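One structure below.
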Amino acid sequence: MIFICPAEPQPVNDDAPPADGDSDADGDESGNTSLSGLFVEKPPEAIVGVAGTDLTIIAKVDSTTLTRKPTMKWLKGKWMDLGSKAGKHMQFKETYDRNTKIYTYEMKIIKLVAGDSGGFRCEVTAKDKCDSSTFQISVEAAQQDTQQADILSAFKRADGGEDDGNLDFSALLKATKKKKIVEIPEIDVWELLKNAHPSEYEKIAFEYGITDLRGMLKRLKKMKVVAPKNSEAFLKRLDSCYSVEKGKKIVLRCEVVDPDVQVKWLKNGQEIKPSAKYIMECLGNVRTLAINRASLADDAAYECVVGEDKCFTEVFVKEPPVTITKLMDDYHVVVGERVEFEIEVSEEGAHVMWFFEDIELATLNDIGMYHAWTNGGHTKGELEVEEKQLEVLQDIADLTVRATDQALFKCEVSDEKVTGKWFKDGVEVVESDRIKMTHIGRFHRLLIDNVKPEDAGDYTFIPDGYALSISAKLNFLEIKVDYVPRQDPPKIHLDTTGNMVSQNTIIVVAGNKLRLDVEITGEPAPTCVWTKGDKQITESEGRIRVEARKT
Numbered sequence: 001m002i003f004i005c006p007a008e009p010q011p012v013n014d015d016a017p018p019a020d021g022d023s024d025a026d027g028d029e030s031g032n033t034s035l036s037g038l039f040v041e042k043p044p045e046a047i048v049g050v051a052g053t054d055l056t057i058i059a060k061v062d063s064t065t066l067t068r069k070p071t072m073k074w075l076k077g078k079w080m081d082l083g084s085k086a087g088k089h090m091q092f093k094e095t096y097d098r099n100t101k102i103y104t105y106e107m108k109i110i111k112l113v114a115g116d117s118g119g120f121r122c123e124v125t126a127k128d129k130c131d132s133s134t135f136q137i138s139v140e141a142a143q144q145d146t147q148q149a150d151i152l153s154a155f156k157r158a159d160g161g162e163d164d165g166n167l168d169f170s171a172l173l174k175a176t177k178k179k180k181i182v183e184i185p186e187i188d189v190w191e192l193l194k195n196a197h198p199s200e201y202e203k204i205a206f207e208y209g210i211t212d213l214r215g216m217l218k219r220l221k222k223m224k225v226v227a228p229k230n231s232e233a234f235l236k237r238l239d240s241c242y243s244v245e246k247g248k249k250i251v252l253r254c255e256v257v258d259p260d261v262q263v264k265w266l267k268n269g270q271e272i273k274p275s276a277k278y279i280m281e282c283l284g285n286v287r288t289l290a291i292n293r294a295s296l297a298d299d300a301a302y303e304c305v306v307g308e309d310k311c312f313t314e315v316f317v318k319e320p321p322v323t324i325t326k327l328m329d330d331y332h333v334v335v336g337e338r339v340e341f342e343i344e345v346s347e348e349g350a351h352v353m354w355f356f357e358d359i360e361l362a363t364l365n366d367i368g369m370y371h372a373w374t375n376g377g378h379t380k381g382e383l384e385v386e387e388k389q390l391e392v393l394q395d396i397a398d399l400t401v402r403a404t405d406q407a408l409f410k411c412e413v414s415d416e417k418v419t420g421k422w423f424k425d426g427v428e429v430v431e432s433d434r435i436k437m438t439h440i441g442r443f444h445r446l447l448i449d450n451v452k453p454e455d456a457g458d459y460t461f462i463p464d465g466y467a468l469s470i471s472a473k474l475n476f477l478e479i480k481v482d483y484v485p486r487q488d489p490p491k492i493h494l495d496t497t498g499n500m501v502s503q504n505t506i507i508v509v510a511g512n513k514l515r516l517d518v519e520i521t522g523e524p525a526p527t528c529v530w531t532k533g534d535k536q537i538t539e540s541e542g543r544i545r546v547e548a549r550k551t
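Here you go:
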């Protein structure tokens, strides 16, 4: 089923508000850029579909005045960005006519169900221009096929046994029951998360298409229940929360009683100063804070303060959703054949959940025996589901180090989320100024600075939750220095200047004193022996004596 309805040109700032009276909870896009009539064709305001049939909604955008390609977003209710729901049930298509410069956007819902009812919004942005259109989808139950009776039978008299040829039109006057269209209320995901168990956060976010779950959960613990009170300073407070895509602009807006009063804007309790990033404006009673090019650092709590009164809000910065670029195919196979489903997503390593009907696949609860019965036989099969095995990609190597050196043990495991502990000789290692432990991705490191003899031993890394250990040995290398004394052969230095006649002859006048000073060197210290002829001179006193002194 395809709905195509040309829309009349809309005046500036004359777009209908989002569904359910919400003032654009998707980041206040109306304040991001100036509103302009970009749509040349909008979806009808009210669309009725039949359950089980396909429904196609079309919108067209004129790009003759645009400098950039427009971006289209399809939203449901307050939060749900339908771009993240693309798949077998919802499909999105974009075409461009070069002659007319018109972009055509289609949203196709395959086999409508009651849950598809509700308020929808399509938004188109192009640099400094934007436009939006809201519409309501109602899903009616399919009519049961009944055999069409002869139209004349409705006019026959019910009290006559035979057809007398007269027609009874009173049958047409019977009251008919009108089927009531049941509208499914929009779900406030923010309230749903606040009241849910932490184990349900990821499931809720995945189910309702929330891509900014990180920002929501970061401050759930900080939320305080504040009883509503009458404000003397504010006519209209800030919305409870805003959501904006990374890199886009968002405007926080409130209204004050006194048009001349000055306000302060706070971010996480710190006052914000005007800059190119943060632009503050006062327009009568309206006070706005514009945040340009929102980044993850802008994901915070904001306050507008007037004297002693203040109002609060939360800003969540969404990263672009992971979209499905290749849809899943349908298969018709013979019993017993193997079937493999394949999709492609826009981001490498994106988190994808697989389901069979409404049941997520392959958990430990699926272990058991499965049976198939016919009226003439029976077969069974057992399903075994194993827990994910942890693989050691890089083992720890033994180390031999010297005193004051650095020792580094490093290992790599297959799961980067796995934590663990280090042990030395069976005792857990405790960090200190000298011993550091780090976990970066799949790598676990133990660093020991200024190695000492007591650091030697067996070191083991044990991953938490796994019956696995990785061990290595640290050997301490002690350097021994043996002292070898200096050796210098003995040497005699004889100076006989003036008395020496020949090399081995000294002449002295009788009666004079003869003193021979002989310098002897060597290492270790040599032993000196004086002889006269064959007789050794050892006297230290008398006419002939020997003296020894160190210099």
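Just so we're aligned: the sequence shown equals residues 1 to 551 in the UniProt record's numbering.
Where a beta carbon is used, it is the ideal one built from N, C-alpha and C, also for glycine.
Every value quoted in this text rests on a predicted model; they were computed, and no experiment measured them.
Beta-ladder partner(s) of residue 536, from DSSP: 531
For residue 91, I'd like the list of residues in its chain whose CB is within less than 6 angstroms of its CB, leaving aside the five on either flank, ordered along the chain. 108
Give me the Cα-Cα distance between residue 94 and residue 295, rounded to the nearest whole angstrom. 28 angstroms
So residue 400 is in the beta strand (DSSP E); what residue range does that whole segment cover? Boundaries of the beta strand (DSSP E) harbouring residue 400: 399-402, taken from the DSSP string.
Based on Cα-Cα distance, which residue from 124, 288, 244 lies nearest to residue 265? 288
Checking 9 angstroms against the spacing of the C-beta atoms, do residue 201 and residue 314 come in under that value? no
Would you say the region 409-425 touches the region 434-454, given that touching needs at least three Cβ pairs under 8 angstroms? yes
Residue span of the beta strand (DSSP E) that contains residue 90, given as start and end: 90-97
Close Cβ partners of residue 460 (< 6 angstroms) along its chain, the five nearest in sequence each way excluded: 423, 469, 471
Below 8 angstroms, is the gap between the Cβ of residue 87 and the nearest heavy atom of the ligand ZN? Only the bare structure without any ligand can be found here, which leaves the ligand ZN out of the picture.
Would you grab the beta carbon distance between residue 392 and residue 411 for me? Rounded to a whole angstrom, and I think it's under 8 angstroms. 7 angstroms
With 16 other CB atoms within 10 Å as the buried threshold, where does residue 409 fall? buried
Residue 481 versus residue 455 - alpha carbon distance: 22 angstroms
So, using beta-carbon positions, are residue 121 and residue 66 closer together than 9 angstroms? Residue 66 is positioned such that its CB atom lies no closer than 9 angstroms to that of residue 121.
In the DSSP assignment, what are the bridge partners of residue 303? 266, 312
Separation of residue 303 from residue 263, as counted between CA atoms: 10 angstroms
Taking the C-alpha atoms as reference points, what is the distance between residue 479 and residue 413? 36 angstroms
Which residues does DSSP pair with residue 487 in a beta bridge? According to DSSP, residue 487 bridges with nothing at all.
Where DSSP assigns a beta bridge to residue 474, which residues make up the other side? 399, 457
Indicate whether residue 475 and residue 401 have their beta-carbon atoms separated by less than 9 angstroms. Yes, they are a contact pair.
Output yes or no for whether 9 angstroms exceeds the beta carbon distance between residue 245 and residue 318. Judged by beta-carbon spacing, residue 318 lies within the 9 angstroms limit of residue 245, meaning their Cβ atoms are closer than that value.
Can you name the residues that DSSP bridges to residue 328? Note: residue 328 sits in no beta bridge, so no partner.
Beta-carbon contacts of residue 145 that lie in its chain and below 6 angstroms, excluding the five residues immediately before and after: Bear in mind that the predicted position of residue 145 carries a pLDDT of just 48, short of 50, making it too unreliable to give a figure here.
Relative to the C-alpha of residue 308, which candidate in 234, 240, 100 has its C-alpha closest? 234
Rounded to whole angstroms, what is the Cα-Cα separation between residue 125 and residue 60? Between residue 125 and residue 60, the C-alpha separation is close to 13 angstroms.
Nearest-angstrom Cβ-Cβ length linking residue 54 and residue 102, presumed shorter than 8 angstroms: Between residue 102 and residue 54 the Cβ distance is about 24 angstroms, and since that is not below 8 angstroms, they are no contact.
Note the first and the last residue of the continuous beta strand (DSSP E) segment covering residue 514. Note, residue 514: premise wrong, no beta strand (DSSP E); not H, not E.
From what residue to what residue does the beta strand (DSSP E) around residue 445 run? 443-448
Inspect the beta-carbon positions of residue 448 and residue 407 and report whether they are closer than 9 angstroms. yes
With 16 as the cutoff for other CB atoms within 10 Å, does residue 224 come out buried or exposed? In this predicted model, residue 224 has a pLDDT of only 45, less than 50, meaning its place in the structure is not dependable; the value taken from the coordinates is given anyway. Around the CB of residue 224, fewer than 16 other CB atoms lie within 10 Å, so the residue is classed as exposed.
Quick check: residue 473 and residue 458, are their CB atoms within less than 9 angstroms of each other? yes
Nearest CA to the CA of residue 326: which residue from 270, 39, 342? 342
Under the three-state reduction of DSSP, which class applies to residue 281: helix, strand or coil? strand
Just reading off the beta strand (DSSP E) that residue 56 is part of, what are its end residues? 55-62
Residue 104 - containing beta strand (DSSP E), residue span: 102-109
Spatially closest choice to residue 515 from 538, 546, 493, by CA coordinates: Measuring C-alpha to C-alpha distances from residue 515 to each of 538, 546, 493 identifies 546 as the nearest.
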